[in-house]
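A.B. asks: In our numbering, the protein residues as written are 22 to 208. Here a beta-carbon is modelled for each residue, glycine too, at the ideal position from N, C-alpha and C. Structure incoming, see below.
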């Protein structure tokens, strides 16, 4: 089975580890991806340096290598599910996985910063999102709880284990005037 090979074979460099972790996430194996990430990167976390290394054995390469920072991408794009669905973040999706008791992540985009966090305590999950202008779809795992309240988005329904919320693009006065000038309506 592919997930067994990807979760137990430890031959990828830190740079190539990104693709192993993305493959596990693509297969829906988020727990395996998280466990593999913890296993592979723990020596870097425990080291005296605050950097990621070129190779997993410090003595075999430089201890500062930006191409090895794939866990940050995996955390925001896969575990927290912050991804563009159109070029330039004209629309986006936020679809976190239920992997942690408490977590927060931010992603800087060309339109601003998206922040997502959730905290589980006393039998409920508080999920907080700060989004950018544009159309967005937010999918909250139903395992977070039955009751969902939100401001700035519309609850569309439940789909494949997620409560789905839609955020429509908001036009400012100048944009409305330009649309009206050309006889167009807001999307």
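1. Per DSSP, residue 162 is paired with what?
2. To the nearest whole angstrom, what separates the beta carbons of residue 160 and residue 116, a pair I think is in contact under 8 Å?
3. At which residues does the beta strand (DSSP E) containing residue 104 begin and terminate?
4. How would you call residue 105, buried or exposed, if buried means at least 16 neighbouring beta carbons within 10 angstroms?
5. Alpha carbon to alpha carbon, how far is residue 25 from residue 170?
6. Would you kindly work out how many angstroms separate the C-alpha atoms of residue 22 and residue 99, rounded to a whole number?
7. Using only alpha-carbon positions, find the residue among 62, 51 and 112 that is nearest to residue 35.
8. Quick one: what does DSSP say residue 67 is sitting in, helix, strand or coil?
9. Report the partner residues of residue 116 according to the DSSP bridge assignment.
10. Compute the minimum distance between the beta carbon of residue 119 and the heavy atoms of the ligand PLP, and state whether it is under 7 Å.
11. What does the Cβ neighbour count give for residue 127, buried or exposed, with the cut at 16 atoms within 10 Å?
12. Quick check on residue 178: does DSSP put it in helix, strand or coil?
13. Compare the C-alpha of residue 39 against each of 147, 120, 168 and 87 and name the closest.
14. Taking buried to mean at least 16 other C-beta atoms within 10 Å of its own C-beta, is residue 27 buried or exposed?
15. Under 8 Å, do residue 155 and residue 111 count as touching if we go by C-beta distance?
C.D. replies: A quick look at the data gives this:
1. As a first step, residue 162 must be located in the chain shown, where it is residue number 141. Its beta-bridge partners are 183.
2. As a working note, residue 160 is residue 139 in the chain shown. As a working note, residue 116 is residue 95 in the chain shown. At roughly 4 Å, the Cβ-Cβ gap stays under 8 Å, so residue 160 and residue 116 are in contact.
3. By 1-based counting over the chain shown, the position of residue 104 is 83. 103–105 is the span of the beta strand (DSSP E), which, as asked, contains residue 104.
4. For the purposes of this step, residue 105 is identified with residue 84 of the chain shown, where counting begins at 1. Of the residues assessed, residue 105 falls on the buried side of the cut-off, its CB having 16 or more other CB atoms within 10 angstroms.
5. For this step, residue 25 is matched to residue 4 along the chain shown. For this step, residue 170 is matched to residue 149 along the chain shown. The straight-line gap from Cα to Cα measures roughly 39 Å.
6. Locating residue 22 in the chain shown gives position 1, where the first residue counts as 1. Locating residue 99 in the chain shown gives position 78, where the first residue counts as 1. The alpha-carbon atoms of residue 22 and residue 99 are separated by roughly 22 Å.
7. Translated into the one-based positions of the chain shown, residue 35 becomes position 14. With distances taken between Cα atoms, residue 35 lies closest to 62.
8. Stepping through the chain shown from its first residue, residue 67 is reached at position 46. Here residue 67 sits in helix by DSSP.
9. As a first step, residue 116 must be located in the chain shown, where it is residue number 95. DSSP lists no partner for residue 116.
10. Absence of the ligand PLP from the depicted structure is noted, as is the absence of any ligand whatsoever, leaving it without description.
11. By one-based count along the chain shown, residue 127 stands at place 106. That one is exposed.
12. Position 157 of the chain shown, counted from the start, is the residue given in the question as residue 178. In this structure, residue 178 counts as strand in the three-state DSSP scheme.
13. The residue labelled residue 39 in the question sits at position 18 within the chain shown. Looking at the Cα atoms, 87 is the closest of the given residues.
14. Locating residue 27 in the chain shown gives position 6, counting from the first residue. It is buried - the Cβ of residue 27 has at least 16 other Cβ atoms within 10 Å.
15. Your numbering for residue 155 matches position 134 in the chain shown. Your numbering for residue 111 matches position 90 in the chain shown. Yes, these two residues count as a Cβ contact at 8 Å.
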